[in-house]
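Letter by letter, the sequence shown follows residues 65 to 328 in my numbering. We treat Cβ as the ideally placed atom computed from N, Cα and C, and that holds for glycine.
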Amino acid sequence: MTYILYQVDAFTDRLFEGNPAGVMFTDSFLSAKTMQKIADENSLSETAFVVKRGNTFDLRWFSPKVEIDFCGHATIATAHVLHEEYGLEPPFIFNAKVGELSVTIRKGLYVLNAPLPEIKPLVKPEIVEGVFNSVPIDSFKAGKDIYFVFDTFKEILNYKLNITKISKLSKNGVGITARYSGGFDIISRFFAPNEGIAEDPVTGSAHAALGSYWSRTIEKNKLKAYQASERGGVIWLEVLNNSINIIGNAITYMKAEIRITHKD
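This is the structure in C-alpha cells:
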C-alpha cells in the first residue's frame with residue numbers, strides 16, 4: 065500500500081524551527097506494530113496517524129519508541145495539513161486517548177483546545193539531588209510527566225542534558241521551567257529519553273501542564289511561553305475553566321510517499 069506522509073514544523077512560522085511532526089492519513093489504523101515502525105523510521109518526536117470518522121477524526125500518536133497519550137504539536141500539525149493541504153475549514157474535532165480535542169484558526173494561528181490536566185505535588189522531590197545545577201523551588205506531576213520549577217531562567221538555559229540522570233527520574237517525560245523575561249512569561253525545556261526523545265523541541269502537551277501551574281502561580285490566565293530547545297518555539301496559552309487553549313503557528317516542510325509492502 066502507498067500512503068502520503070506530511071512533515072510539518074509546529075509552533076513556528078519558519079522552517080527548521082519549532083517541533084517537526086509526521087502526519088499520515090489512512091482509511092483505518094494500521095497495526096500498532098506497523099505504526100510504531102513508521103514512527104521509528106521517521107525518527108521525529110511524534111508521528112500522527114489520522115482516520116476520518118464522519119465529521120471528526122480519530123487520532124493516535126507514536127514517538128520512536130512508544131504510543132503517546134497526548135501530543136499537542138502533532139495535533140496542530142494535523143490541523144495544518146487538513147487546512148493547508150486538503151483545503152478543509154475548521155473547527156477540526158479529534159478523538160484521542162486524552163479525550164476530545166478541537167483545533168480552530170484565529171488570526172492565522174492554530175488554537176488547540178485540550179483538557180486541563182490535574183496538577184499534583186511530587187511526593188519525593190529529593191530524587192533530583194545531583195541532577196541539576198541548582199535545587200528546584202517546586203515540583204509537580206501532571207499525567208505521566210513530572211516537572212521541576214527553578215528560581216531563575218538561567219537554570220533552564222544553561223542546563224546541560226545528562227540523559228543517564230534524567231532517564232532515572234521518570235520513565236515518561238521530565239520538564240524544567242521558570243519565569244522568563246523579554247516579552248515572555250515562562251520558559252521551559254522537556255526531556256523524554258525513555259520514550260525515544262532525548263529533548264523535545266517544543267512540547268504542546270507539556271504546556272497544558274505548564275499553563276495550569278503557572279496561571280495559578282502568577283495569577284494570569286493568558287501566557288506567552290518559550291521552549292528553549294536548540295530549535296526553539298513560541299506558544300501562547302489561554303487557561304479556561306476546564307480546558308486550555310494551546311496556540312501556535314505551523315508550516316509544511318515535506319510531502320512524501322511511503323510504501324508498506326507487508327502487514328504485521
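Considering only L287, L221 and D215, the residue with the shortest C-alpha distance to G247 is L287. Residue burial annotation: S107 is exposed, with fewer than 16 other C-beta atoms found within 10 angstroms of its C-beta. Sequence-distant Cβ neighbours of R323 in its own chain, meaning closer than 6 Å and more than five residues away, are T66. The beta-carbon separation of R253 and Q291, rounded to 7 Å, stays under the 8 Å limit for a contact.
Positions of the beta strand (DSSP E) runs, each at least 3 residues long and wholly inside the stretch 124-181, are given as 156-160, 163-170 and 173-179 in order along the chain.
Rounded to the nearest angstrom, the gap between the Cα atoms of K205 and N119 is 34 Å. In the DSSP annotation of this structure, the continuous segment of the beta strand (DSSP E) that includes F204 starts and ends at D202 to A206. By alpha-carbon distance to P84, the top candidate from E110, K97, V187 and L94 is E110. Proximity to L225 across F93, S293 and G163 peaks at S293, based on C-alpha coordinates. If you check the CB distance, G297 and T76 come in under 9 Å. With a cutoff of 9 Å on beta-carbon distance, T142 and V167 are scored as near each other. Beta-bridge partners assigned by DSSP to M318: Q71. Between the alpha carbons of H144 and I315 lies a gap of roughly 8 Å. Contact between F113 and R124 holds: CB atoms are separated by about 5 Å, below the 8 Å threshold.
Taking a contact to require three or more Cβ pairs closer than 8 Å, the stretch 229-241 and the stretch 148-168 do not qualify as touching. In this structure, DSSP gives L304 a state outside helix and strand, which the three-state scheme calls coil.
The alpha carbon of I310 has as its nearest neighbour, out of K161, V87 and L165, the alpha carbon of L165. In this chain, the alpha helix (DSSP H) harbouring I102 covers A96 to N106.
Following the DSSP letters along the chain, one finds R280 inside the alpha helix (DSSP H) bounded by residues G268 to T281. With fewer than 16 other Cβ atoms from the protein chains shown falling within 10 Å of its own Cβ, D215 counts as exposed. Distance from the CA of I210 to the CA of I183, rounded to the nearest whole angstrom, comes to 10 Å.
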